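To start, the structure itself, in structure tokens.
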Amino acid sequence: MCWNFLRIGQDQRFMSQDPRSPLPLPTLSMSSPSMSVPSAAGNVRRRVRGAVGRGLAMLGLAAQLAAPAAWAMDDTREPAEAGDLRRLDVPGGALQVEVLGTTDPQRADDLHRWAAEAARATLTAYGRFPLRQARIRIEQSASHARSPVPWGQTSRRDGVAVLLYVREDATLQELREDWTAVHELAHLFHPYLGAQGRWLSEGLASYYQNVLRARAGLLDDEDAWRRLDAGFGRGRREDSGLPLRELSQDHRGTMRVYWAGAAYWLEADLALRRERGSTLEAVLSQYDRCCLRGTGEVAPETFVAELDRIAGGDLFASRFARYAEATTFPPLEEAYAALGLSTRDGELQLSADEGPRALRRAVMGRRPTTK
Ligand SMILES: [Zn+2]
């Protein structure tokens, strides 16, 4: 399930929901929370009220409009809740990370550490954070959801915010093994692409949730290939026969939208590496420098045309047109052959041949999370 685009007046929202969890939805407060902002030394705190809370309140409204009825909005306007807000400096940007829903300092430290690890994983793309500023809000609550992170979303309004709802009994290790935080942060590599471009944006986040975690050491690289392959399998099972652009526009066929989209980026990445001596991250890095904005909408055709301008040729646009019209999951035989991936008895096999291994390593291999 993915809530991709909402408009309230002139406001735009970008949301992506963890598709595994049926209705784990926490209540968003309409109140305007105050927050504690540590100084650079982390000792002196000052109180901040207002803007973020109002933004999130609007987000709550957006979510209520978009989500099933089980997303109940709290309109009781309870007293403001203090969060634990800290600044996280990463190459290329500064993040404001807020933890809500716990009074345990150790737990707050753990959640901040988790957010920092996820943020640093994004550095394994091109060595710097894609936006100069962003917020991460982590809200802990009781939940019976199986997932340690039952809900995640990215909103774009008055800046960019990633919101992560965490099960209060989720251990730090469980959080580290979950994909949601890196998925949401990976959305910051692209502009908001509207409902038409939902498959493109969810695809990039789904591809990078595995690639970036493997590069950062949060996921074993073989496991990352297996997770990608499993995602492709889920996407392949969507058999409505509708074009991908239609599923994307109508918020249907979530698994094909996510994973055909991931296949697009995998294919594009491999084509860049094999045919151009370039990489997806190199192209995205240049796009970041020239064109990326955290807010505002870019048509998907414009986005891929810009990537082609950077990369040369029409690798992105031609593939985009083909994928958007496709009524079935894209064939990946060529990509799998290049990567040395095959399936035997339902299990993904990874070839030991040096060429495919080198290509797999080039995509998923460990790399530093700081520069
Ligand atoms: Zn997403």
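Residues in the sequence shown are numbered from 9 upward in steps of one, following my numbering. Just so you know, even glycine gets a beta-carbon here, dropped at the ideal spot from N, CA and C. The structure presented is a predicted model; accordingly, all values stated were derived computationally and were not measured.
Discussion item. Give the list of continuous alpha helix (DSSP H) stretches no shorter than 4 residues that lie fully inside the stretch 161 to 223.
Written reply: 180 to 185, 188 to 194
Worksheet item: Taking Cβ positions, are Ala194 and Ala222 nearer each other than 8 Å?
Response: For the purposes of this step, residue 194 is identified with residue 186 of the sequence shown, where counting begins at 1. For the purposes of this step, residue 222 is identified with residue 214 of the sequence shown, where counting begins at 1. Contact flag unset, no.
Worksheet item: In whole angstroms, what is the alpha-carbon distance linking Thr377 and Glu283?
Response: Taking the first residue of the sequence shown as position 1, residue 377 is located at position 369. Taking the first residue of the sequence shown as position 1, residue 283 is located at position 275. C-alpha separation (whole angstroms): 27 Å.
Discussion item. Taking the alpha-carbon of Tyr200 as reference, which of Leu300, Ala224, Gly320 has the nearest alpha-carbon?
Written reply: As a position in the sequence shown, residue 200 is number 192, starting the count at 1. The residue with the shortest Cα to Cα distance from Tyr200 is Leu300.
Worksheet entry | According to DSSP, residues forming a beta bridge with Arg352 | Taking the first residue of the sequence shown as 1, we reach residue 352 at position 344. Its beta-bridge partners are Glu355.
Discussion item. For Gly100, which residues in the same chain have their Cβ closer than 6 Å to its Cβ, ignoring the five residues on either side in sequence?
Written reply: Counting from one through the sequence shown, the residue named residue 100 turns up at place 92. So the list reads Arg136, Phe137, once near-sequence residues are dropped.
Worksheet item: Under a Cβ-count criterion, where at least 16 other Cβ atoms within 10 Å of its own Cβ denotes burial, should Arg369 be classed as buried or exposed?
Response: The residue given as residue 369 occupies position 361 in the sequence shown. Result: exposed.
Worksheet entry | Near ligand 1: Ala213 beta-carbon under 7 Å from a heavy atom | For the purposes of this step, residue 213 is identified with residue 205 of the sequence shown, where counting begins at 1. Result yes, Cβ under 7 Å from ligand 1.
Fill in: Rounded straight-line distance, which links the Cα of Ala116 to that of Leu93
Taking the first residue of the sequence shown as position 1, residue 93 is located at position 85. Taking the first residue of the sequence shown as position 1, residue 116 is located at position 108. The alpha-carbon atoms of Leu93 and Ala116 are separated by roughly 10 Å.
Item to complete: Select from Arg206, Asp361, Asn218 the residue whose C-alpha is nearest the C-alpha of Ala189.
Response: Sequence index remark: in the sequence shown, residue 189 carries index 181 (1-based). Answer by Cα proximity: Asn218.
Fill in: Residue range of the beta strand (DSSP E) that includes Gly91
Translated into the one-based positions of the sequence shown, residue 91 becomes position 83. Taken as a continuous stretch (DSSP letters only), the beta strand (DSSP E) holding Gly91 covers 91 to 98.
Worksheet item: Exposed or buried, Gln104, counting other C-beta atoms within 10 Å across all chains shown (16 or more means buried)?
Response: For the purposes of this step, residue 104 is taken as the residue at position 96 of the sequence shown. Classification of Gln104: buried, given that the 10 Å Cβ count is 16 or more.
Discussion item. For Tyr331 and Thr110, I'd like the C-alpha separation in whole angstroms.
Written reply: Position 323 of the sequence shown, counted from the start, is the residue given in the question as residue 331. Position 102 of the sequence shown, counted from the start, is the residue given in the question as residue 110. Using only the alpha carbons, I get a separation of about 44 Å.
Worksheet item: What alpha helix (DSSP H) runs, 4 residues minimum, are completely inside the stretch 264 to 301?
Response: 288 to 298
Fill in: DSSP three-state assignment for Arg115, whether helix, strand or coil
Translated into the one-based positions of the sequence shown, residue 115 becomes position 107. Three-state DSSP puts Arg115 in a helix.
Discussion item. Below 7 Å, is the gap between the Cβ of Arg125 and the nearest heavy atom of ligand 1?
Written reply: Reading the sequence shown from its first residue, position 117 is the one you call residue 125. Position check: residue 125 holds Glu in this sequence, whereas Arg was assumed. Flag unset: Cβ of Glu125 not near ligand 1.
Worksheet item: Which one or two residues does DSSP pair with Gly101 in a beta bridge?
Response: Within the sequence shown, the letter at position 93 stands for residue 101. Gly101 pairs with Val98.
Practice prompt. Could you have a look at Gly373 and say whether DSSP puts it in helix, strand or coil?
Written response: On the sequence shown, residue 373 is found 365 positions in, with the first residue counted as 1. Correct three-state label for Gly373: coil.
Worksheet item: With distances taken between CB atoms, is the gap from Arg327 to Ala276 smaller than 8 Å?
Response: If you number the sequence shown from 1, residue 327 lands on position 319. If you number the sequence shown from 1, residue 276 lands on position 268. Yes.
Worksheet entry | Of the residues Leu183, Thr351, Ala142, Leu356, the one placed nearest Val170, counting alpha carbons only | As a position in the sequence shown, residue 170 is number 162, starting the count at 1. Among Leu183, Thr351, Ala142, Leu356, the Cα nearest to that of Val170 is on Ala142.
Item to complete: Kindly give me the distance between the Cβ atoms of Gly211 and Tyr173, rounded to whole angstroms, as I take these residues to be in contact under 8 Å.
Response: For the purposes of this step, residue 211 is taken as residue 203 along the sequence shown, with counting starting at 1. For the purposes of this step, residue 173 is taken as residue 165 along the sequence shown, with counting starting at 1. Not really, about 23 Å apart at Cβ, beyond 8 Å.
Item to complete: Apply the 10 Å Cβ neighbour rule to Thr307 and answer buried if 16 or more other Cβ atoms are within range, or exposed otherwise.
Response: Against the sequence shown, residue 307 aligns to sequence position 299. Correcting the residue identity first, residue 307 is Ala in this sequence and not Thr. Ala307 should be labelled exposed.
Item to complete: Please list, in chain order, all residues of the same chain as Ala313 whose beta carbon is under 8 Å from its beta carbon, the five residues on each side excluded.
Response: For the purposes of this step, residue 313 is identified with residue 305 of the sequence shown, where counting begins at 1. Closer than 8 Å at the Cβ level, and outside the excluded window around Ala313, lie Phe324, Ala325.
Worksheet entry | Closest Cα partner of Arg260 within the set Ala346, Ala270, Ala123, Gly243 | Counting from one through the sequence shown, the residue named residue 260 turns up at place 252. Here the closest residue by C-alpha is Gly243.
Item to complete: Can you check DSSP and say which residues form a bridge with Val107?
Response: Here residue 107 is taken as the residue at index 99 of the sequence shown, counted from 1. In DSSP, Val107 forms a bridge with Asp92, Ile146.
Worksheet entry | Exposure of Gln357, with buried meaning 16 or more beta-carbon neighbours within 10 Å | The sequence position of residue 357 within the sequence shown is 349, counting from 1. The residue is exposed, with fewer than 16 neighbouring Cβ atoms inside 10 Å.
Discussion item. Considering Cα atoms alone, identify which of Arg165, Ile146, Asp166, Gly249 is closest to Val157.
Written reply: The residue given as residue 157 occupies position 149 in the sequence shown. Of Arg165, Ile146, Asp166, Gly249, the residue nearest in Cα terms is Ile146.
Discussion item. At a cut-off of 7 Å, would you count His259 as near ligand 1, judging by its Cβ distance to the nearest heavy atom?
Written reply: Translated into the one-based positions of the sequence shown, residue 259 becomes position 251. Answer for His259: no, Cβ out of range of ligand 1.
Worksheet item: How far does the alpha helix (DSSP H) with Leu131 in it reach, from first residue to last?
Response: By one-based count along the sequence shown, residue 131 stands at place 123. Run containing Leu131: 131 to 134, per the alpha helix (DSSP H) assignment.
Worksheet item: By a C-beta neighbour count over all protein chains shown, 10 Å radius and 16 as the cutoff for buried, is Ala360 buried or exposed?
Response: Residue mapping note: residue 360 aligns to position 352 of the sequence shown, counting from 1. Exposed, because fewer than 16 other Cβ atoms sit within 10 Å of the Cβ of Ala360.
Worksheet item: Should Arg297 be labelled buried (16 or more other beta-carbon atoms within 10 Å of its own) or exposed?
Response: In the sequence shown, residue 297 corresponds to position 289, counting from 1. Burial call: exposed.
Worksheet entry | Option nearest Gly302 by Cα separation, candidates Val98, Arg121, Ser163, Leu108 | In the sequence shown, the residue the question calls residue 302 occupies position 294. Per the Cα distances, Ser163.
Practice prompt. Keeping to the same chain, check which residues put their C-beta closer than 7 Å to that of Gln257; ignore five residues upstream and five downstream.
Written response: By 1-based counting over the sequence shown, the position of residue 257 is 249. Within the same chain, Gln257 has close Cβ partners Ala203, Gln204.
Worksheet item: What's the call for Asp228, buried or exposed, on a 16-neighbour Cβ count within 10 Å?
Response: On the sequence shown, position 220 is the one that residue 228 refers to. Burial call: exposed.
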